[in-house]
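Numbering (our numbering), first residue to last: 4 to 280. Here a beta-carbon is modelled for each residue, glycine too, at the ideal position from N, C-alpha and C. Below you'll find the structure, written out as structure tokens, and then a few comments.
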Ligand SMILES: C[S@@+](CC[C@H](N)C(=O)[O-])C[C@H]1O[C@@H](n2cnc3c(N)ncnc32)[C@H](O)[C@@H]1O
């Protein structure tokens, strides 16, 4: 059996500490965009903001609520959430460079009174039990080798009835060898943890006391992202030609395979999760 490469927290943090490369490739939102249909030609920034809005709409928060953003990237989703819903956001990531850049951006956006950026690990949250009204995790669970641990932590810090809204990647069915090669190339280049089978994922949520209330496979709506990434790669400065070509080939293969499977999932903390905390 071939062994699957996994990445340490230090490797993931170092990957994101290269903020100029991250910002050049992604823009302010470090996540895939959402295109409404096959005719939708929205630019990248609009489509990635739309993805943030799909998450925000599912958080079920009211003005003044406390929200935890796990894996905050450059801070754009947390700032957008704070302003849209008038909530207090605590936003964490494991990369020191991201945290200082996100703080700078919050000041620039006039949101520093509403959003606090801190170093923190989603698999080991440093907050009291039943502290947050909602948790959002946009493409950050993808980096966690121990998702069940992250789910247990999220269930602990959520108030009963509070929502976790996450975007993540899963495996719906066993891939062919060719599909596995395509997905693995992507996973290694983006320092993602292995993707869980959907039934394993749902079981881990339930075991943690998080009741899935909505699961949507949004893969088809995210595929244009890979085309946009190819353009971003072409335009980004200082990328080695070989790496650029490898990246473009990998993105083209993802687009053609329609993989990996992207999902948006909403789960509700049960009273028993609070009791475990
Ligand atoms: C793909 S980016 C998403 C950033 C942001 N959510 C967005 O949508 O713009 C992944 C984020 O997860 C963070 N991350 C990776 N591993 C983490 C961990 N164990 N705990 C918390 N954040 C983590 C990275 O530092 C980065 O900010």
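Look at the Cβ atom of residue 79, then the Cβ atom of residue 31, and state whether they are nearer than 9 Å.
The Cβ-Cβ distance between residue 79 and residue 31 falls below 9 Å.
Kindly list the residues whose CB is nearer than 6 Å to the CB of residue 225, restricted to its own chain and excluding five residues on each side of it in sequence; keep chain order.
Excluding residues within five positions, the ones whose Cβ falls inside 6 Å are 35 and 265.
Residue 55: beta carbon under 8 Å from a heavy atom of ligand 1?
Yes; taking the cut-off as 8 Å, the Cβ of residue 55 has a heavy atom of ligand 1 nearer than that.
Count the other CB atoms within 10 Å of the CB of residue 14; is the residue buried (16 or more) or exposed (fewer)?
Residue 14 comes out exposed.
Just mark residue 8 as buried or exposed, buried being the case when its beta carbon has 16 or more other beta carbons within 10 Å.
Burial call: exposed.
Let's test the definition: count the other Cβ atoms within 10 Å of the Cβ of residue 227 and tell me whether it reaches 16, buried, or not, exposed.
With 16 or more Cβ atoms within 10 Å of its Cβ, residue 227 is classed as buried.
Can you name the residues that DSSP bridges to residue 234?
DSSP output for residue 234 lists no bridge partner at all.
Quick one: what does DSSP say residue 147 is sitting in, helix, strand or coil?
When DSSP states are grouped into helix, strand and coil, residue 147 belongs to the coil group.
What is the DSSP secondary structure of residue 120, counted as helix, strand or coil?
Strand.
With a 10 Å radius around its C-beta and 16 neighbouring C-beta atoms as the bar for buried, classify residue 136 as buried or exposed.
Residue 136 comes out buried.
Length of the line joining the Cα atoms of residue 192 and residue 10
Residue 192 and residue 10: Cα-Cα distance of roughly 11 Å.
Return the first residue and the last residue of the beta strand (DSSP E) that residue 21 is part of.
For residue 21, there is no enclosing beta strand (DSSP E), since its DSSP letter is neither H nor E.
Which class does residue 267 belong to by DSSP, given the choice of helix, strand or coil?
Reduced to three states, the DSSP call for residue 267 is strand.
If you reduce the DSSP assignment to three classes, tell me which class residue 205 lands in.
Residue 205: helix per DSSP, three-state reduction.
Straight-line Cα distance separating residue 217 from residue 157:
Between the C-alpha atoms of residue 157 and residue 217 there is a straight-line separation of about 17 Å.
What do you get for residue 116, buried or exposed, if any count of 16 or more other CB atoms within 10 angstroms of its CB means buried?
The residue in question, residue 116, is exposed, as its Cβ has fewer than 16 Cβ neighbours within 10 Å.
Coarse secondary structure for residue 74, derived from DSSP in three states
In the displayed model, residue 74 falls within coil according to three-state DSSP, outside both helix and strand.
Does DSSP classify residue 10 as helix, strand or coil?
It is coil, neither helix nor strand.
So for residue 104, helix, strand or coil by DSSP?
DSSP places residue 104 in helix when its eight states are reduced to three.
Cα-Cα separation between residue 144 and residue 244, rounded to whole angstroms
Taking the straight line from one Cα to the other gives about 30 Å.
Which residues in the same chain as residue 61 place their Cβ atom closer than 8 Å to its Cβ, once the five residues preceding and following it in sequence are excluded?
So the qualifying residues of the chain are 166, 168, 217, 267 and 269.
Tell me, please, which residues DSSP counts as bridged to residue 141.
DSSP output for residue 141 lists 170 as bridge partner(s).
Identify every run of the beta strand (DSSP E) within the stretch 23-51, keeping only runs that are complete inside it and at least 3 residues long; order them along the chain.
Scanning the stretch 23-51 for uninterrupted beta strand (DSSP E) segments of 3 residues or longer gives nothing; none is fully contained.
From the DSSP output, which residues share a beta bridge with residue 95?
According to DSSP, which records beta bridges pairwise, residue 95 is partnered with 73 and 121.
Span separating the alpha-carbon of residue 70 from that of residue 92
Within the model, the alpha-carbon separation for residue 70 versus residue 92 is close to 5 Å.
Which residues in the same chain have their Cβ closer than 6 Å to the Cβ of residue 90, if we skip the five residues on either side of it in sequence?
The residues are 64, 68 and 70.
Kindly indicate which residue of 124, 118 and 110 has the alpha-carbon position closest to the one of residue 16.
Nearest C-alpha to residue 16: 124.
Nearer than 8 Å: is that true of the beta carbon of residue 15 relative to any heavy atom of ligand 1?
Within the cutoff, so yes.
Name the residue from 128, 37 and 153 whose alpha carbon lies nearest to the alpha carbon of residue 211.
Residue 211 has its Cα closest to that of 153, out of 128, 37 and 153.
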